[in-house]
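Each residue of the sequence shown is one higher than the one before, starting from 0 at the first, in our numbering. Down below is the structure, laid out as structure tokens.
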Amino acid sequence: MSEAISSGVGTEPDAGLGVVQSEPDRRSVPAVELARRGWSSPLAVFVCALLLVQSVTGLWIYFLPFSTAAQVQLLVHAVAGLVVLIPYLIYQWRHFLVWYRQKLTAVMVVGYLLMAMVATCMVSGLVVTWQSAVGPRVGPVWDWIHVVSGLATPALLVVHLGLALARRKVAWTRIPAFRMSLRRFGYRGVAWLIGVVVVVVVGAASLRPPSYEFDVPADYSLSAYVDQVAEYHGNPFAPSYARTASNRLVRSELLSNSASCGTSGCHEQIYHEWLPSAHRFSAMNPPFQAVQKLFAQEREPAETRYCAGCHDPISLFAGAKDIHNQSLSAPGMKEGISCVVCHSISSVDERGNADYVLTPPRKYLWEGTTGWRKKISDFLIRAFPRQHLADYDRPVLRTPEFCGSCHKQFIPEALNRTGLSPGQNQFDQWKESHWHKDNPDKNLSCVDCHMRLVPESTDPSAGEAGAVRRSPDDGKHRHHGTIATNMFMPRVMKLPNWKKHVALTEEWIRGETVIPEIAHLW
Numbered sequence: 000m001s002e003a004i005s006s007g008v009g010t011e012p013d014a015g016l017g018v019v020q021s022e023p024d025r026r027s028v029p030a031v032e033l034a035r036r037g038w039s040s041p042l043a044v045f046v047c048a049l050l051l052v053q054s055v056t057g058l059w060i061y062f063l064p065f066s067t068a069a070q071v072q073l074l075v076h077a078v079a080g081l082v083v084l085i086p087y088l089i090y091q092w093r094h095f096l097v098w099y100r101q102k103l104t105a106v107m108v109v110g111y112l113l114m115a116m117v118a119t120c121m122v123s124g125l126v127v128t129w130q131s132a133v134g135p136r137v138g139p140v141w142d143w144i145h146v147v148s149g150l151a152t153p154a155l156l157v158v159h160l161g162l163a164l165a166r167r168k169v170a171w172t173r174i175p176a177f178r179m180s181l182r183r184f185g186y187r188g189v190a191w192l193i194g195v196v197v198v199v200v201v202g203a204a205s206l207r208p209p210s211y212e213f214d215v216p217a218d219y220s221l222s223a224y225v226d227q228v229a230e231y232h233g234n235p236f237a238p239s240y241a242r243t244a245s246n247r248l249v250r251s252e253l254l255s256n257s258a259s260c261g262t263s264g265c266h267e268q269i270y271h272e273w274l275p276s277a278h279r280f281s282a283m284n285p286p287f288q289a290v291q292k293l294f295a296q297e298r299e300p301a302e303t304r305y306c307a308g309c310h311d312p313i314s315l316f317a318g319a320k321d322i323h324n325q326s327l328s329a330p331g332m333k334e335g336i337s338c339v340v341c342h343s344i345s346s347v348d349e350r351g352n353a354d355y356v357l358t359p360p361r362k363y364l365w366e367g368t369t370g371w372r373k374k375i376s377d378f379l380i381r382a383f384p385r386q387h388l389a390d391y392d393r394p395v396l397r398t399p400e401f402c403g404s405c406h407k408q409f410i411p412e413a414l415n416r417t418g419l420s421p422g423q424n425q426f427d428q429w430k431e432s433h434w435h436k437d438n439p440d441k442n443l444s445c446v447d448c449h450m451r452l453v454p455e456s457t458d459p460s461a462g463e464a465g466a467v468r469r470s471p472d473d474g475k476h477r478h479h480g481t482i483a484t485n486m487f488m489p490r491v492m493k494l495p496n497w498k499k500h501v502a503l504t505e506e507w508i509r510g511e512t513v514i515p516e517i518a519h520l521w
């Protein structure tokens with residue numbers, strides 16, 4: 000806005016909705032009357048009300064925690080910003096023509112600053128909205144410009160209105176018509192704001208997301224040793240060490256649907272790398288299914304949780320590894336270690352046997368759906384990525400201990416009933432190797448080899464700050480195919496992209512692979 004708010008063109012017959020008078024007519028009208036007409040203008044009220052809505056919703060989104068109400072306000076913010084654009088330009092131009100020949104005052108100086116700030120905010124808002132709609136992410140520079148101009152605009156607006164009212168103090172205290180115009184302006188602005196509050200409250204109440212966590216059922220089976228072995232007490236997922244932060248079960252639909260990550264205009268590259276990976280087929284491959292079935296028959300279904308912590312976490316956390324479920328699987332099982340499962344792990348312990356804690360993410364509105372709802376959800380994630388990053392971009396993901404929580408396995412005494420028996424243990428083998436050094440610059444961890452950097456990445460997560468041999472703008476992402484692992488299953492199961500996956504592993508085995516970022520350490 001500009002000083003138009005305090006003194007824009009009015010609703011008098013000769014002014015209409017801000018219709019510009021001729022130069023002689025304008026000069027013949029006293030400034031007080033021009034100001035009164037400005038406060039009375041429906042166009043001024045409409046523009047000011049929507050800009051007030053923009054300020055309130057923008058401040059809420061920026062300063063208050065993530066919530067359904069915040070997402071509804073973001074949608075209101077985006078729609079109101081598009082709606083107000085043309086009316087504001089019309090209003091600002093007419094207001095400028097009315098007042099620019101007046102004597103320069105503090106009100107006008109602040110008004111010009113406000114006009115420039117609103118223009119900056121609108122242009123950056125259009126860019127941010129476009130980037131959020133078509134992806135893959137909002138540019139940090141445009142985001143910063145929009146935030147700064149968005150914070151400065153309401154501050155300048157308050158100063159502008161305050162100076163304008165102070166300048167016309169005599170008029171609004173002594174002239175009834177002027178005072179009435181001010182009151183109507185205020186009432187109409189408040190009415191618009193109340194209308195938006197109603198929309199937000201109703202929208203937030205009607206769109207409240209379902210709870211994806213639920214209590215352990217009363218008939219859920221637990222092995223006898225769960226109460227006998229101290230380290231398993233209170234863990235419904237024992238004998239796996241895996242657990243959720245709340246110790247409750249998690250619906251499979253929250254942890255599955257990895258395809259939504261690959262169809263959002265964001266993570267297509269990573270999704271297609273993951274499709275033939277060992278993490279993807281960890282639960283559905285025939286050998287695992289055969290072993291699990293035999294294990295359930297010879298021992299009990301509940302003991303298959305021991306394997307599920309690493310191989311089939313979706314079924315484990317959904318409570319499917321139970322005597323009441325003949326298949327021992329939950330919907331989404333074929334995703335194995337899905338995108339959400341891996342990125343929702345909040346803490347780990349290197350002792351292995353799936354010793355990690357999973358903190359379920361908070362879903363955005365309509366996240367994981369299809370059609371127009373998915374487009375809105377993708378827009379919300381890109382425009383308001385705070386919670387998305389908090390849920391899925393955890394520092395623990397970059398540590399070798401994260402890998403070690405599953406890539407270190409032993410059979411506990413509770414299972415073999417004779418004593419602890421070590422199993423596969425790639426993590427300790429790595430720790431004892433010459434790749435694990437005290438010097439971080441020479442140390443090679445799991446991801447350096449098995450998740451090589453992919454140059455010229457189109458993924459919004461490309462670049463990484465604070466990591467060795469990485470930079471925030473290196474334009475690379477970690478390859479999610481976990482190359483140089485099992486290449487037999489992708490071929491046998493004819494998984495998507497298996498040929499490329501196998502070729503990369505064969506090149507590695509033949510010694511033909513060069514990983515530039517670590518080539519000097521080989």
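Cβ atoms here follow ideal geometry from the backbone N, Cα and C, with glycine treated the same way.
Asked, Found
"Contacting residues, own chain, Cβ-Cβ under 6 angstroms from A77 (five flanking each side not counted)", "T128"
"Range of the contiguous alpha helix (DSSP H) that encloses G50", "It is Leu, not Gly, that sits at residue 50 in the sequence shown. L50 -> alpha helix (DSSP H) spans 41–62."
"Rounded straight-line distance, which links the Cα of V197 to that of Y186", "16 angstroms"
"I313 beta carbon less than 7 angstroms from that of S220", "no"
"Runs of beta strand (DSSP E) lying entirely within the region 454–501, each at least 3 residues, in chain order", "none"
"Three-state class that DSSP yields for K407 in the structure shown", "strand"
"For Q291, the first and last residue of its enclosing alpha helix (DSSP H)", "285–297"
"Buried versus exposed, by CB contacts within 10 Å (16 or more), F426", "buried"
"Whole-Å CB distance - N352 paired with G418, under 8 angstroms assumed", "Going by Cβ atoms, the distance from N352 to G418 rounds to 15 angstroms, so no, they are not a contact pair."
"Segment limits, beta strand (DSSP E) that includes G134", "Element bounds for G134: n/a, residue is neither H nor E."
"8 angstroms contact criterion, which E511 and P359 should meet: CB distance rounded", "That pair is no contact at about 42 angstroms."
"7 angstroms CB neighbourhood of A466 in its chain, flanking five on each side removed", "R397"
"For Q423, the first and last residue of its enclosing beta strand (DSSP E)", "420–424"
"Selection from D214, A389, E272, S281 that minimises the alpha carbon distance to V249", "D214"
"Nearest to F378 (by Cα), restricted to the options K493, Q70, E334, H476", "Q70"
"DSSP state of T303 mapped onto helix, strand, coil", "helix"
"Cβ-Cβ distance between S39 and S180 below 7 angstroms", "yes"
"Nearest to P524 (by Cα), restricted to the options W98, T303, P489, A483", "Outside the displayed range of the chain (0 to 521) lies residue 524, so it cannot be described from this structure."
"For Y111 and E516, the rounded distance between their alpha carbons", "52 angstroms"
"Same chain, Cβ closer than 6 angstroms to A105, neighbours up to 5 away in sequence not counted", "L162"
"Residue of C341, Q296, K441, T152 minimising C-alpha distance to T119", "T152"
"Residue from H94, R166, H387 whose Cα sits closest to the Cα of E366", "H387"
"Classification of W98 by the beta-carbon crowding that lies within 10 angstroms, buried from 16 upward", "buried"
"Rounded straight-line distance, which links the Cα of D472 to that of H232", "46 angstroms"
"Range of the contiguous alpha helix (DSSP H) that encloses L96", "67–98"
"6 angstroms Cβ shell around C260 - same chain, five flanking residues per side excluded", "H266, Y270, C338"
"Nearest-angstrom Cα separation, counted from M116 out to G202", "31 angstroms"
"Identified DSSP bridge partners for F316", "DSSP, once it has assigned bridges, lists no residue as partnering F316."
"Exposure label - R182; buried when at least 16 CB within 10 Å", "exposed"
"Cβ-based burial, R451 [other Cβ within 10 Å; buried from 16]", "buried"
"Beta-carbon contacts of S5 that lie in its chain and below 6 angstroms, excluding the five residues immediately before and after", "Note that S5 scores a pLDDT of 38, beneath 50, so its modelled location is shaky; the value from the coordinates is reported in the next line. So the qualifying residues of the chain are L160, A163."
"At least three beta-carbon pairs within less than 8 angstroms, the region 45–59 to the region 169–177", "no"
"Cβ pair G480, A461 closer than 7 angstroms", "no"
"Distance, F287 Cα to S263 Cα", "31 angstroms"
"Neighbour-count burial assignment, I508, 16 or more Cβ in a 10 Å radius", "exposed"
"Sub-7 angstroms separation of R207 and T67 beta-carbons", "yes"
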